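Each protein sequence line maps, in turn, to chains A and B.
Residue numbers for the first sequence follow the working numbering, so the first one is 1 and each next one is one higher.
Residue numbers for the second sequence follow the working numbering, so the first one is 248 and each next one is one higher.
No residue lacks a Cβ here, since even glycine has one placed at the ideal position from N, Cα and C.
Bear in mind the structure is a predicted one, so any value in this text is a computation, not a measurement.
First up is the structure itself, then whatever we jot down about it.
Protein chains: 2
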Amino acid sequence: MTVQSEQIERQSGIAMWRQIADAIRAGLAGPLVDADGKLPPEKVLAERFGVNRHTVRAAIRALAHEGVVQSHQGRGTFVRRKRRLTYPIGQRTRFSQGLEGQAANRSTELLAHGREQAPADIARALDIETGTGVVRLESVGLADGVPVSRATYWFDAERFGTIADVFARSGSVTRALAQLGVTDYVRAWTRIEARHGAVDDLDHLRLSPGAIVLVTEAVNADMDGRPVQYSLTRFAADRVSLQVGGD
Amino acid sequence: MTVQSEQIERQSGIAMWRQIADAIRAGLAGPLVDADGKLPPEKVLAERFGVNRHTVRAAIRALAHEGVVQSHQGRGTFVRRKRRLTYPIGQRTRFSQGLEGQAANRSTELLAHGREQAPADIARALDIETGTGVVRLESVGLADGVPVSRATYWFDAERFGTIADVFARSGSVTRALAQLGVTDYVRAWTRIEARHGAVDDLDHLRLSPGAIVLVTEAVNADMDGRPVQYSLTRFAADRVSLQVGGD
DNA sequence: TCTGGTTGTCTATAACAATAGATAAATTGG
DNA sequence: CCAATTTATCTATTGTTATAGACAACCAGA
């Protein structure tokens, strides 16, 4: 992707240290860092962004808190993660398989689950009546120990009432559905939006306030075309890109 | 989409008026506004967000500047645009056709064009040698007079050296390509990211600083599979959603 | 071991963001 | 027309953000 030399603006309602943190984070893959993953010294960064060194320090402090960089007194500040994960979206979209080869360890963690009555939009997506019982799962997807996605899944309670237990044991939606009789499924549609992360999401994704999340809203259907699962997934926008088609 | 009651945070590096502006903008389609498109009074909003009325006013001032809402003394504050455009992404992705039925007037405006030598990433996408001459077009896409996308296109100069003129006259990539012998093309792949808008983009999209842009990086290929066009499109994230498959 | 380069910490000041309260001006509905 | 509702404007105060300068602590290499 072509590098856009991100400028910062004063009096924009966004603190300059935050804008600089965002700019540094976005530029980590580019010419900002050298081969060793070392950032330019604070003094240089301050000159480049046209701000005081203390302001740059506030930005770096935020990035260090996020786990993106790490500073060492006397040595410099170093990037901890560089590559952005590319997450394919298509007919056969699955979380773990999509990241094969990009991350050594991939896992999904179940945060919570419960039953509720389907609100109108979810009922429509699952092609059931509004108010029908649905199971909701809340999960976090990790790649190499770093959280990349925060998903909420809904299933028809009548068909998949026990999926929470199965999911908790197997740690995978695909495997859980397989055990409940859905041996194969395809992605019916995916809608993609972007917004600032909600507090809960930022928390689980270890992002700082103001960070962007890519939101995918999707429905998976079984081979008969019946909707099986409705999901709302929030990706840490600076850790992933979504790809439709290609390679 | 399920509404997330967006919370606001203090001392996050993002001014509260900006967080509130973002929250209001995100909630415009929801229960925040009544049937007439009228926002709750400033006093009520201030209570709901737990801030002073002046802070809400700062948020509304920013939204009014963006053109999202309009205030009238004594009457209230009203939403000017409500619906989010859904932009389909698939094999036959085209800008104007995808928005048919969603906006009465759709147009594309050519901002600038020029020739340059292809950098490595663009050359790879177009399957040509690095340094080969390419034509670059800069454009803005509008729906009902509101800018929704800011695109940069690259074409192989050898095949499409005159495309800037043709595009300027026809106002459409599809028609311009047709006149240059590419009667049909398909979307080879699309990659989607989200980030804070660069200054230039915010300017053309009439967004305020800190706004989010959805970035699609895509390649269109002719029916022989030869890449025809590489594009980098920035959508105003609060005005569009991207949809893959479905309806 | 010394020197230059780098991050860490401290103090002080100026600019901006948020709160608080009061009052004016415009609109709507009775 | 009057009263209630709502946005617009003003003053004042407090807390957060950004700037400025100085110096300490630490590291790597000569």
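Compare the C-beta of residue i against all C-beta atoms of chain B and say whether one is closer than 9 angstroms.
i: aspartate 36(A); result: no
i: arginine 191(A); result: yes
i: alanine 26(A); result: yes
i: alanine 112(A); result: no
i: alanine 58(A); result: yes
i: threonine 86(A); result: yes
i: threonine 2(A); result: With a pLDDT of 35 at threonine 2(A), under the threshold of 50, the modelled position of this residue cannot be trusted; read the value that follows with caution. Output row for threonine 2(A): interface = yes.
Who are the neighbours of residue i on chain B, taking C-beta pairs under 7 angstroms?
i: isoleucine 89(A); result: Val491
i: threonine 132(A); result: The premise fails here: threonine 132(A) is roughly 16 angstroms from chain B at the closest Cβ pair, so nothing lies under 7 angstroms.
i: leucine 137(A); result: The contacting residues do not exist; leucine 137(A) stays about 14 angstroms from chain B at best.
Residue i versus chain A: which residues are under 8 angstroms apart at the beta carbon?
i: serine 396(B); result: The contacting residues do not exist; serine 396(B) stays about 14 angstroms from chain A at best.
Strictly below 7 angstroms CB to CB, what residues from chain A border residue i?
i: aspartate 269(B); result: His196
Give me the chain B residues within the contact set of residue i, using Cβ-Cβ distance strictly less than 8 angstroms, ordered along the chain.
i: alanine 143(A); result: In chain order: nothing, as chain B lies at least about 17 angstroms away.
Please state if the CB of residue j and the CB of residue i are separated by a distance shorter than 9 angstroms.
i: aspartate 156(A); j: leucine 137(A); result: no
i: histidine 204(A); j: arginine 159(A); result: no
i: arginine 239(A); j: alanine 198(A); result: no
i: leucine 142(A); j: threonine 108(A); result: yes
i: leucine 110(A); j: alanine 168(A); result: yes
i: leucine 214(A); j: isoleucine 192(A); result: yes
i: glycine 260(B); j: arginine 25(A); result: no
i: alanine 211(A); j: tyrosine 230(A); result: no
i: alanine 268(B); j: isoleucine 307(B); result: yes
i: aspartate 222(A); j: aspartate 184(A); result: yes
i: alanine 305(B); j: alanine 15(A); result: no
i: asparagine 105(A); j: glycine 145(A); result: yes
Quick check: is the beta carbon of residue i nearer than 9 angstroms to any beta carbon in chain A?
i: glycine 370(B); result: In the sequence under discussion, the amino acid at residue 370(B) is alanine, which differs from the glycine named in the question. Output row for alanine 370(B): interface = no.
i: valine 460(B); result: yes
i: glutamate 289(B); result: no
i: glutamine 349(B); result: no
Applying a beta-carbon distance threshold of less than 9 angstroms, which residues of chain A neighbour residue i?
i: alanine 311(B); result: The premise fails here: alanine 311(B) is roughly 14 angstroms from chain A at the closest Cβ pair, so nothing lies under 9 angstroms.
Can you give me the Cβ contacts of residue i inside the same chain, cut-off strictly under 8 angstroms, excluding the 5 residues immediately before and after it?
i: histidine 72(A); result: Phe78
i: arginine 295(B); result: Pro287
i: lysine 43(A); result: Arg53
i: glutamate 116(A); result: Gly133, Val134, Arg136
i: valine 313(A); result: Nothing about residue 313(A) can be read from this structure; chain A reaches only from 1 to 247.
i: leucine 310(B); result: Ala268, Ile271, Arg272, Val316
i: arginine 195(A); result: Ile212, Val213, Val215
i: aspartate 448(B); result: Arg397, Leu454, Val460, Arg481
i: glycine 131(A); result: Gln117, Ala118, Ala123
i: alanine 484(B); result: Ala441, Ala458, Ile459, Val460, Leu461
Who are the near neighbours of residue i in its chain, counting only those whose CB is closer than 6 angstroms to its CB and skipping five residues on each side?
i: leucine 292(B); result: Val303
i: threonine 437(B); result: Ile336, Thr463, Ala465
Just to confirm my understanding: we take residue i, look at its own chain, exclude 5 residues before and 5 after, and list those with CB closer than 7 angstroms. What are they?
i: isoleucine 375(B); result: Ala365, Asp403
i: proline 227(A); result: Ala125, Leu126, Asp127, Ala188, Val219, Ala221
Give, in chain order, every residue of the region 469–489 of chain B whose Cβ lies closer than 7 angstroms to some Cβ of chain A.
-> Correct list: Leu479, Ala484, Ser488, Leu489.
Proximal residues, the region 395–415 of chain B versus chain A, C-beta separation under 9 angstroms | So the close ones are Thr399.
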